[in-house]
Amino acid sequence: MSVFSLMICLSSFSQEEDGKPVISGSLSTDNRFLFADDNPWSWNENRIDLKIEHKFSTKARFGSDIWFRKFALYNDQDAYYKYPEIREAYMEVYDFLMPGLDLKAGRQRIKWGCADKINPVDNVNSYDLEDLWDFGRHMGNEAIKLKYYKNDWQFEAVYLPVFTEARLPLGNMTNALMPEFKLPTSYSTILPLSDTLIIPISLKLQFNELNMVNVMPKINLSEGSSGGFRVANRFGNFDVAMSYLYARDGLPVANQAYLSLDSVSLTSGQSYLRSDIELIYPRMHYVGAEVTGTIGSVGVWAEAVMVKPNKKYYLSTELPDFSSYLSNLVGIPITLPSLSYPDSLVLDNKPWFRYVVGCDYTFGNGIYMNFQFAHGFMHERTSDELNDYFLLRAEKKIMNEKLRLSLLSGGFAVSDWSNISSNNAFAWTPEIGYKPNDNTEIILGTRIIDGVGDGMFAKLKNQDELFLRLSYSF
Numbered sequence: 017m018s019v020f021s022l023m024i025c026l027s028s029f030s031q032e033e034d035g036k037p038v039i040s041g042s043l044s045t046d047n048r049f050l051f052a053d054d055n056p057w058s059w060n061e062n063r064i065d066l067k068i069e070h071k072f073s074t075k076a077r078f079g080s081d082i083w084f085r086k087f088a089l090y091n092d093q094d095a096y097y098k099y100p101e102i103r104e105a106y107m108e109v110y111d112f113l114m115p116g117l118d119l120k121a122g123r124q125r126i127k128w129g130c131a132d133k134i135n136p137v138d139n140v141n142s143y144d145l146e147d148l149w150d151f152g153r154h155m156g157n158e159a160i161k162l163k164y165y166k167n168d169w170q171f172e173a174v175y176l177p178v179f180t181e182a183r184l185p186l187g188n189m190t191n192a193l194m195p196e197f198k199l200p201t202s203y204s205t206i207l208p209l210s211d212t213l214i215i216p217i218s219l220k221l222q223f224n225e226l227n228m229v230n231v232m233p234k235i236n237l238s239e240g241s242s243g244g245f246r247v248a249n250r251f252g253n254f255d256v257a258m259s260y261l262y263a264r265d266g267l268p269v270a271n272q273a274y275l276s277l278d279s280v281s282l283t284s285g286q287s288y289l290r291s292d293i294e295l296i297y298p299r300m301h302y303v304g305a306e307v308t309g310t311i312g313s314v315g316v317w318a319e320a321v322m323v324k325p326n327k328k329y330y331l332s333t334e335l336p337d338f339s340s341y342l343s344n345l346v347g348i349p350i351t352l353p354s355l356s357y358p359d360s361l362v363l364d365n366k367p368w369f370r371y372v373v374g375c376d377y378t379f380g381n382g383i384y385m386n387f388q389f390a391h392g393f394m395h396e397r398t399s400d401e402l403n404d405y406f407l408l409r410a411e412k413k414i415m416n417e418k419l420r421l422s423l424l425s426g427g428f429a430v431s432d433w434s435n436i437s438s439n440n441a442f443a444w445t446p447e448i449g450y451k452p453n454d455n456t457e458i459i460l461g462t463r464i465i466d467g468v469g470d471g472m473f474a475k476l477k478n479q480d481e482l483f484l485r486l487s488y489s490f
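If you count by the numbering used here, then the sequence shown holds residues 17 to 490, one letter each, in order.
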């Protein structure tokens, strides 16, 4: 009700000022099913993307982007959306306080970076990884942005008062980006029966249940806020920008493991435990650079970011009270030495670099080709975890550009160059698009995925699927 009330208020207000607001958007349906024996649905989304824009004068503008959607069929019941999602809702004021200075405040999408969908520098907004195949999708965040124009220079400062974690993949893609951590597999100690008699005790630790709990930062100026700046200029045929951001990573790391004991077998030395894992969101320094332009008739771009955690992050493990459990089990008091397990490093504070370089070109016969090489994906941390990705897309439009053929489309990933045969993945994603009119497009395609190793796309090797998307823009 609040969304429709807002629209009515905007309409009535705009009639008094500068006319009706501009309303645009799209209607779409996205249907996918797996190539499994029973062909289960992997995705069925129906969405109305409604954009409302209103200029109050030459000095101010209101903008919003609202999603109304429903997952009609889906294997994850939590994915059913009942309420509209406000992706953006902001006010923009031009020449704020001084000529050339613009203020934009509210929920907004702040895009940094120049590459095609895969942008290492684009870290201001929280990642929206709900649909893992929709590369580059971010959520809108509450933010204040100041942008100043002076000749060819652009200066931009951003401040986000509240932290929002990344939205994780749904359904059959959930495990692709799960954080990795190691829990102890055994524990050894000694039981002193007297000054001369001791009994060694060795217990194998097996976990019956793992429960992960996100610990969000406090909503205050120091815990949850983030900020940064960006400077850009044009030099000849190239746009160049540098940026810095101090913010929390939207993907968590394990911070504390609380182990509780379910049972112990004295004959086998096997102990069965429950573990509650506390996850926190680390602070990061992001230093970015980007350049885009043309060399002849070839479009080229490159961007890179140095990521450095603000400190070292450790996983602490709290072991259960074995003494009380064994005392109750054997019927006599047993006092074991103080039980502890050393902290393990889950994230070092050494910097790592993610980058992407790419180019595109349209040949004389009308074939458009786009190639990118990316080192590191947004969830990969530390230099040891960064994979390499080769991405290629070629398309040809025929029938007065009503039919688009993208038969050569996909990527190849390498996790370890020293052993490529055991650490690689590929995805072939051909599609055909048809536009019966300027506002409507129908896309039919498939994804064929295979790979070995622990890379993100190798984990999706059993998720081959066929998809059909229909969209209408207004």
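Even for Gly, the Cβ is constructed at its ideal location relative to N, Cα and C.
From this set, the options, which residue's C-alpha is nearest residue i's C-alpha?
i    : options                   : result
I160 : V109, G152 and L184       : V109
Q170 : P185, R250 and N326       : R250
I82  : A76, R63, V316 and P136   : R63
R125 : G156, L119, Y97 and R264  : G156
D265 : D144, P358, N227 and Y384 : D144
F78  : A305, T45 and K36         : K36
S291 : K127, G122 and L226       : L226
D53  : S487, E481, T462 and P452 : E481
Y384 : K412, F406 and N365       : K412
D432 : L419, K418, G461 and D470 : D470
A305 : Y371, I102, L43 and F151  : Y371
N478 : L486, L484 and G467       : G467
V303 : L331, N47 and Y260        : Y260
L275 : L267, M232 and Q222       : Q222
A443 : I465, Y450, Y262 and Y165 : I465
K71  : I296, S438, G426 and Y106 : Y106
Just mark residue i as buried or exposed, buried being the case when its beta carbon has 16 or more other beta carbons within 10 Å.
i    : result
I235 : exposed
D337 : exposed
P115 : exposed
T333 : buried
D132 : buried
M472 : buried
A441 : buried
W59  : buried
W368 : buried
M415 : exposed
G244 : buried
G252 : exposed
K328 : exposed
I24  : Confidence at I24 is low in this model, with a pLDDT of 44, below 50, so its placement is unreliable and no value can be given for it.
Over what stretch of residues does the alpha helix (DSSP H) that includes residue i continue unbroken?
i    : result
D400 : T398 to E401
Can you check DSSP and say which residues form a bridge with residue i?
i    : result
F490 : Answer is none; F490 lacks a bridge partner.
C375 : V316 and F387
K413 : R420
N62  : T45 and K86
S425 : R409
V38  : E69
R77  : K71 and E108
Where does residue i sit, in a helix, a strand or coil, going by DSSP?
i    : result
L193 : helix
I383 : coil
A52  : coil
S241 : coil
L335 : coil
I436 : helix
A441 : strand
L117 : strand
L186 : coil
S340 : helix
A270 : strand
K127 : coil
L482 : strand
K327 : coil
L277 : strand
L221 : strand
K477 : coil
T310 : strand
Y302 : strand
Which two residues bound the contiguous beta strand (DSSP E) that contains residue i?
i    : result
Q170 : W169 to L176
L361 : Y357 to L363
K161 : N157 to K166
E294 : Q286 to I296
L261 : F254 to R264
Y106 : E101 to V109
D466 : T456 to V468
P367 : Segment: none, P367 is in no beta strand (DSSP E) and carries neither H nor E.
I134 : No beta strand (DSSP E) contains I134, which DSSP labels as neither H nor E.
K451 : E447 to N453
For residue i, would you say it is in contact with chain D, using Cβ-to-Cβ distances shorter than 8 Å as the test?
i    : result
E108 : Absent from the structure: chain D. Only one protein chain is present.
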